[in-house]
Amino acid sequence: MVEIFIKSLNSAEPKIMLWEGEPHPETRLLLEEAGVRSVLFIPCGNKPENGDYLSVMNKNIDNLASQHY
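To convert, count from 1 in the sequence shown and add 77; that's our numbering.
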């Protein structure tokens with residue numbers, strides 16, 4: 078499945094993929110080899126174990142900002 082996604086990429090498309098949870102290491106590696114960065118972005122549909130909605134969204138912003146795209 079990852080290979081199909083990678084083949085569908087073209088150079089004009091963004092090279093970042095958001096994940097609700099950590100991707101499988103092999104999937105992350107395949108995407109990185111194709112120039113796609115994986116970023117954890119938790120949508121916070123349920124009450125978080127730690128913090129609140131805003132703290133989770135702030136962490137998501139930090140995760141995105143750290144990519145320097």
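Don't be surprised by glycine CBs; every beta carbon is placed ideally from N, CA and C.
Practice prompt. Output the distance between the C-alpha atoms of Val113 and Lys84, rounded to the nearest integer angstrom.
Written response: 12 Å
Discussion item. Using only CA atoms, which one of Lys124, Leu107, Pro100 lies nearest to Glu80?
Written reply: Leu107
Fill in: Span separating the alpha-carbon of Glu97 from that of Ser115
10 Å
Worksheet item: Cys121: which of Lys136, Ser143, Pro102 sits nearest, CA to CA?
Response: Distances from the alpha-carbon of Cys121 to those of Lys136, Ser143, Pro102 put Lys136 closest.
Practice prompt. Could you tell me which residues DSSP puts in a beta bridge with Met134?
Written response: Per DSSP, none; premise fails for Met134.
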